[in-house]
Amino acid sequence: MEFFPLLLVIFASIFQGSFGLGMKFMAPLKWEAWWLVHSLFAMILIPTAWAYFVTPDLFNVVTGASSDVILTAMAFGALWGIGGIMFGKSVPYIGISLTYGIVMGVCSAAGGLIPLFFANKAEFEKMAPGLPFILGGVAIMLIGVGITAYAGVQKDKLQAGTEIETTGDKVNLKTGLIIAILSGLLSAFLAVGFAEGKAIGELAKNAGAIPRNTSLAIWVVVLWGGFAINALYAIFLLFRNNTWSSFKTPNAGKAYAWSIGAALLWFGALGIYGQGATLMGKIGDVIAWPIMLGLSLIVGNIWSYMNKEWEGAKKPFNIMLLGVLIIIIAVIVMGYS
516 MEFFPLLLVI
526 FASIFQGSFG
536 LGMKFMAPLK
546 WEAWWLVHSL
556 FAMILIPTAW
566 AYFVTPDLFN
576 VVTGASSDVI
586 LTAMAFGALW
596 GIGGIMFGKS
606 VPYIGISLTY
616 GIVMGVCSAA
626 GGLIPLFFAN
636 KAEFEKMAPG
646 LPFILGGVAI
656 MLIGVGITAY
666 AGVQKDKLQA
676 GTEIETTGDK
686 VNLKTGLIIA
696 ILSGLLSAFL
706 AVGFAEGKAI
716 GELAKNAGAI
726 PRNTSLAIWV
736 VVLWGGFAIN
746 ALYAIFLLFR
756 NNTWSSFKTP
766 NAGKAYAWSI
776 GAALLWFGAL
786 GIYGQGATLM
796 GKIGDVIAWP
806 IMLGLSLIVG
816 NIWSYMNKEW
826 EGAKKPFNIM
836 LLGVLIIIIA
846 VIVMGYS
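Numbering (the working numbering), first residue to last: 516 to 852.
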């Protein structure tokens with residue numbers, strides 16, 4: 516594998532680790548209003564516009580795929596959307612640091628291993644020489660993410676002076692862990708949907724798109740499913756909370772700008788990741804996803820450090836640095852595969 520595809524995935528992780536900054540600037544909009552705008556741009560408008568400019572005859576490429584491929588790709592996108600909603604449901608039970616660590620760990624491992632199990636015999640045999648490094652890298656990545664999550668939990672405890680914020684009993688803690696694990700598994704299906712939509716990429720290539728840009732046509736279809744779930748959930752909250760008036764909130768221009776900016780960063784990550792994974796070949800379906808998520812966790816912690824979120828938590832910070840080192844080792848091992 517050439518270094519350029521891996522470089523693209525590394526670059527994508529910078530975007531992935533940075534898009535969450537926009538969520539700090541939702542006010543004065545309600546979450547559901549901010550999220551509906553964000554989802555529309557991140558999952559429909561930006562992916563379609565980018566794919567349109569780099570894929571000749573995009574509409575015929577997408578509609579030319581078999582209904583099985585389209586529905587499968589959309590279904591996996593929808594499962595990812597459900598996983599994202601479950602992430603939010605887990606936070607009140609076990610806190611955001613632990614939720615984030617569990618979801619990232621499970622999602623990175625599952626997103627890499629599930630496509631490996633979906634590979635046919637010829638593809639599996641082609642990847643066989645690198646299999647020990649793939650599995651070893653995923654295992655190391657899980658350790659690194661786990662240590663980083665533990666550091667986040669310790670930081671929260673130290674800064675709050677209390678235990679992890681939960682609803683107060685062991686049943687709820689258990690429930691939160693179950694929801695977080697399910698969230699991680701379902702969130703991984705975004706990568707699976709991309710892998711299962713490769714037939715759409717072949718049609719884009721036949722239409723004249725260069726190899727790395729064929730991935731963008733795949734995302735257009737996969738994210739239809741993801742948008743459907745996210746939009747329906749946001750609209751449900753708008754009705755339930757009677758917050759449609761939030762869209763007319765005065766002085767909300769900055770919140771709208773951050774919503775769209777975060778969308779650019781979010782799909783920028785997926786778009787570049789897809790290019791790198793495509794150029795890697797079949798092994799890209801296996802290693803690119805955990806590499807991107809692992810490195811994005813490092814980027815996210817860099818932003819946290821710059822925002823002084825680790826102040827007064829020297830020991831947890833040092834533990835986090837150990838986790839970062841292990842994640843980097845995992846990336847090297849998987850890249851070597």
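Glycine is no exception: its CB is placed at the ideal position from the N, C-alpha and C atoms.
Residues of its chain near residue i, where Cβ-Cβ distance is below 6 Å and the 5 sequence neighbours each way are ignored
i    : result
D800 : P630 and A710
I834 : A666
G776 : G537
L573 : A566 and Y567
G598 : S698, L701 and S702
K604 : I694
A784 : A527, F530 and Q531
Q669 : P831
G708 : A588, F591, G592 and V737
M821 : none
F632 : none
Endpoints, the alpha helix (DSSP H) within which residue i is located
i    : result
W734 : T729 to R755
S774 : G768 to M795
W825 : That residue, W825, is in no alpha helix (DSSP H); it is neither H nor E in DSSP.
W565 : I561 to V569
K713 : K713 to A722
S533 : F518 to S533
G579 : L573 to G579
W550 : W546 to L555
Sequence-distant residues of its chain with Cβ nearer than 7 Å to residue i (five each side left out)
i    : result
V577 : I715, A732, V735 and V736
T764 : P543 and L544
V584 : G712, A714 and I715
W781 : F534 and A557
I655 : I841, I844, A845 and V848
T587 : E711
K685 : Bear in mind that the predicted position of K685 carries a pLDDT of just 44, short of 50, making it too unreliable to give a figure here.
V618 : F602, A695, S698, G699 and S702
T563 : V735
T677 : With a pLDDT of only 45 at T677, under 50, the local geometry of the prediction cannot be trusted, and no value is derived from it.
Sub-8 Å separation of residue i and residue j beta-carbons
i    : j    : result
W804 : S528 : no
Q790 : S702 : no
A664 : G616 : yes
I842 : G659 : yes
A548 : T758 : yes
V848 : G661 : no
F530 : I787 : yes
V814 : I696 : no
F591 : F704 : yes
G699 : A593 : no
A770 : F556 : no
N721 : T570 : no
E749 : W550 : Contrary to the premise, residue 749 reads as Ala rather than Glu in this sequence. Going by C-beta atoms, A749 is nearer than 8 Å to W550.
A778 : I600 : no
I806 : I649 : no
V524 : A772 : no
G579 : L812 : no
L794 : F519 : yes
A746 : S554 : yes
S774 : V552 : yes
G596 : I744 : yes
L673 : G827 : yes
F742 : I559 : yes
Own chain residues within Cβ distance below 8 Å of residue i, not counting five before or after
i    : result
N756 : K545 and E547
E824 : K670
N575 : A722
P482 : Outside the modelled stretch of the chain, which goes from 516 to 852, sits residue 482, for which no answer is possible.
The ligand FAD heavy atom lying under 7 Å from the CB of residue i
i    : result
K689 : Here there are no bound small molecules, and the ligand FAD is not part of this structure.
Of all the alpha helix (DSSP H) runs that stay within the bounds of the segment 639 to 668, which reach a length of 4 or more residues? none
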